[in-house]
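**Student:** Quick one: structure below, then a few questions.
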Amino acid sequence: MAERTKLQQGAALAALFVRRPVMAFVINAIIFVAGMAALLGLQVQQLPNVSRPVLTITTLFPGASADNVDTDITAPIEGAVARVTGVTGVSSTSRYGQSRTTVEFSAATDLNVAASDTRDAVSRLLASLPTDAQAPVVVKADSNAQSIMQLAVTSDTLGIGPLTDLINATMIDRLRSVDGVADIQMYGDAAQILTVDINPAAIAARGLTLGDVTTALATVSFDSPAGTLNATNQNIIVRATAKVVTLDQVLQLSVHPGVVLADVATVFLAPNPGGTKIRAQGKAGVGLGVIGQAQSNTINISRGIHKALDDIRQNLPTGVNIAISSDDAVFIQGAVTEVIRSMAISVAVVTAIIFVFLRDWRATLIPAVSMPIALSGALAGLYAAGFTINILTLLALVLATGLVVDDAIVVLENIVRLRRGGHGPRAAAVAGTQEVYFAVVATSITLSAVFIPISFLPGQVGGLFREFGMTLAIAVMVSTVVALSLSPMMAARALRREQREDNGLLVRFGRMLVRLYGHLLHACLQAPIVILVAAALFAAVAWLVFPTLKQELTPPEDRSKVLVIVQAPQ
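Here this note's numbering = 1-based position in the sequence shown + 39.
Structure, rendered in structure tokens:
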């Protein structure tokens, strides 16, 4: 009784779409349009986003040893951020003059909210931090994150010092303001610094110490509030300032009554020697590394950086050039393009194979139309689920190309069989769909039951394959709707009754394969023990070979880059 009810439902559904072709057309048109609209809104990235929200807190404490940095800065910061909501782990590194703390949050944490809460927690520590320590800087990225873009700034007219000042004044803030950028790292920079080379003999001859010189230099820029002057009609704020802004003023700075800095030291402006040197296109320059935020989109960051560079180039002096040394977005876009090309090839090959076996362009047209509609519906499902277009979701769509056409082929082949058997166009469409209705639905549900559990794998693997499994399941379910609505409607109007007998080469080859399969099937049924033993042997070999296979999260990639490392004596 239950099976009869299912068949009646299938007949009623097929008859509905055969009688109401406009309804079937509208349903599938909505699926297709929704997919095309989703395609415009879907983000493109290399892999699904599996990175956890991460913040890095960097604090500079010039001159302090690693022990002092750990005791005075790192430990208080760790204690403050550990109480922030959503924190799952805190790790820190203390080295000479620098403290770096990495805070990891749960996957469900909003990175912007976490950054705001962390800044509030750190700001409450400012009063207790050492006076000489700089304010902590909170960055939305892992401290070990690699740059996703590398820029090289060179000049034909400016030295490294002035070029560094130009970059700090015109480029750094603009690049950091790009959406998704966590930080801009500089390499090979040499900012102008004031160097004081003290003459020990001159100091000793005047009975002074290094402390006297340090005290004098501490007053180079003095600015202090001095109260207010209140009158009848006005209130004047008084400030005491003593700023030294030129090199001559520094040289005339008083170290002791009757002794100025020029008497005991040599003072000059020079670029900071730094620790790295950059050469790009045969010229010395400054390198910039773009660090993306955790959970950011590399392609969107690349587009924002390109747009920012276009604006920056308009205001640069003559002779200053900006070159993009590397861009991860280029590789990602290339990989995605290759997968899309593979998907287009697979659709064409599937359509050609269907035509070869059905030998009717009218019949071939039905699955050829069903495939893009089903794949478009899968794109709409991706958008609704908050997924992205990446290599894994595109791989799922490539695999789905063969799956989504299965339902349409099953329905179409049965309708073609009844049509060639003498049924009328509408009767063949309704009866053919009715006969395979339950099988199509059961197959789709079974496939979905296979792919959906992949989406619930734990850990980073689950994060990678969540979108893969759900994409396949969505594509299969959408293909069922298309096969049971569009296929019978088009078959009722596009198929013609086949009268001629085809004895071509392909037909004769197919009949030979049918006879061969019949003989093999008969032999297998006559010797079931042999078949079971062979299956057991294959299973045993697979069980033994599986542990010897190499295991890795993602396969190695060739990004067309060569890295040469040379280690020289100190």
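Glycine is no exception: its CB is placed at the ideal position from the N, C-alpha and C atoms.
Compute the Euclidean distance between the alpha carbons of glutamine 538 and arginine 532, then round it to the nearest angstrom.
**Tutor:** Legend: pLDDT at glutamine 538 = 48, less than 50; position of this residue unreliable, no value from coordinates given.
**Student:** Given a cut-off of 8 Å, decide if isoleucine 237 and alanine 301 are closer than it, judged by their beta-carbon atoms.
**Tutor:** no
**Student:** Is alanine 121 helix, strand or coil by DSSP?
**Tutor:** Note: alanine 121 maps to coil in three-state DSSP.
**Student:** What are the start and end residues of the alpha helix (DSSP H) that includes threonine 390?
**Tutor:** Here the alpha helix (DSSP H) through threonine 390 covers 367-397.
**Student:** Taking 8 Å as the limit between beta carbons, can you name the residues of its chain near valine 408, skipping five residues before and five after?
**Tutor:** Leu525, Met529
**Student:** Pull up the DSSP beta-bridge partners for histidine 295, would you.
**Tutor:** Val298
**Student:** Check the C-beta distance from threonine 141 over to serine 130 and give it rounded, since I have them as a contact under 8 Å.
**Tutor:** 5 Å
**Student:** Around the C-beta of alanine 387, are 16 or more other C-beta atoms found within 10 angstroms, so that it is buried, or is it exposed?
**Tutor:** exposed
**Student:** Tell me the rounded alpha-carbon separation between arginine 505 and glutamine 137.
**Tutor:** 40 Å
**Student:** Can you tell me whether glutamine 538 is helix, strand or coil according to DSSP?
**Tutor:** Confidence at glutamine 538 is low in this model, with a pLDDT of 48, below 50, so the placement of that residue is unreliable and no value is reported for it.
**Student:** Going by the C-beta, is valine 299 closer than 7 Å to any heavy atom of the ligand SAH?
**Tutor:** This structure lacks the ligand SAH; in fact it carries no ligand of any kind.
**Student:** Alpha carbon to alpha carbon, what distance is there between threonine 97 and aspartate 204?
**Tutor:** 23 Å
**Student:** For leucine 433, which option in Val443, Leu418, Gly328, Val605 has the closest C-alpha, if you only look at C-alpha atoms?
**Tutor:** Leu418
**Student:** Confirm, please, whether the CB-CB distance from serine 487 to valine 515 is below 8 Å.
**Tutor:** yes
**Student:** Can you grab the Cα-Cα spacing for the pair alanine 255 / arginine 245, in whole Å?
**Tutor:** 15 Å
**Student:** For the region 78-94 against the region 140-157, are there 3 or more C-beta pairs whose distance is under 8 Å?
**Tutor:** yes
**Student:** Compare the Cα-Cα distances from valine 455 to each of Ala413, Thr472, Val152, Thr440 and report the closest residue.
**Tutor:** Thr472
**Student:** Per DSSP, what kind of secondary structure is threonine 432 in: helix, strand or coil?
**Tutor:** Threonine 432: helix per DSSP, three-state reduction.
**Student:** So, alanine 191 versus isoleucine 317, is the Cβ gap smaller than 8 Å?
**Tutor:** yes
**Student:** Straight-line CA distance for proline 87 to valine 520?
**Tutor:** 28 Å
**Student:** Classify threonine 427 as helix, strand or coil using the three-state DSSP reduction.
**Tutor:** In this structure, threonine 427 counts as coil in the three-state DSSP scheme.
**Student:** Is the CB-CB distance between alanine 221 and glutamine 332 below 8 Å?
**Tutor:** Yes.
**Student:** Taking the straight line between their C-alpha atoms, what separation do you get for isoleucine 552 and isoleucine 570?
**Tutor:** The amino acid at residue 552 is misidentified as isoleucine; the sequence shows leucine. Answer to the nearest angstrom: the Cα atoms are 21 Å apart.
**Student:** Leaving aside the five residues before and after serine 186 along the sequence, list all residues of the same chain whose C-beta is less than 6 Å from its C-beta, in chain order.
**Tutor:** Gly328, Val329, Ile330
**Student:** Can you name the residues that DSSP bridges to lysine 322?
**Tutor:** Answer is Ala319, bridged to lysine 322.
**Student:** Alpha carbon to alpha carbon, how far is alanine 573 from isoleucine 513?
**Tutor:** 36 Å
**Student:** If you scan the region 167-202 from start to end, which runs of the beta strand (DSSP E) of 3 or more residues do you find wholly inside it?
**Tutor:** 176-178, 188-194
**Student:** Of the choices Ala309, Phe307, Val325, whose alpha-carbon is the least far from that of threonine 315?
**Tutor:** Val325
**Student:** Leaving out five residues on either side along the sequence, give the residues of the same chain with a beta carbon under 8 Å from the beta carbon of glutamine 372.
**Tutor:** Val83, Ile338
**Student:** Considering only the beta carbon of each residue, do glycine 200 and alanine 229 sit closer than 8 Å?
**Tutor:** yes
**Student:** Tell me the DSSP bridge mates of aspartate 236?
**Tutor:** Thr305
**Student:** Out of Leu457, Thr124, Leu165, Thr170, point me to the one whose CA is closest to threonine 148's CA.
**Tutor:** Thr124
**Student:** Per DSSP, which one or two residues make a beta bridge with glutamate 143?
**Tutor:** Val93, Gly128
**Student:** Going along the chain, which residues of its own chain have a beta-carbon closer than 8 Å to the beta-carbon of valine 378, five neighbours each way excluded?
**Tutor:** Ile430, Leu433, Leu434, Val437
**Student:** Short of 8 Å in beta carbon distance, which residues of its chain neighbour leucine 290, apart from the five on each side in sequence? Order them along the chain.
**Tutor:** Val299, Leu300, Ala301, Val306
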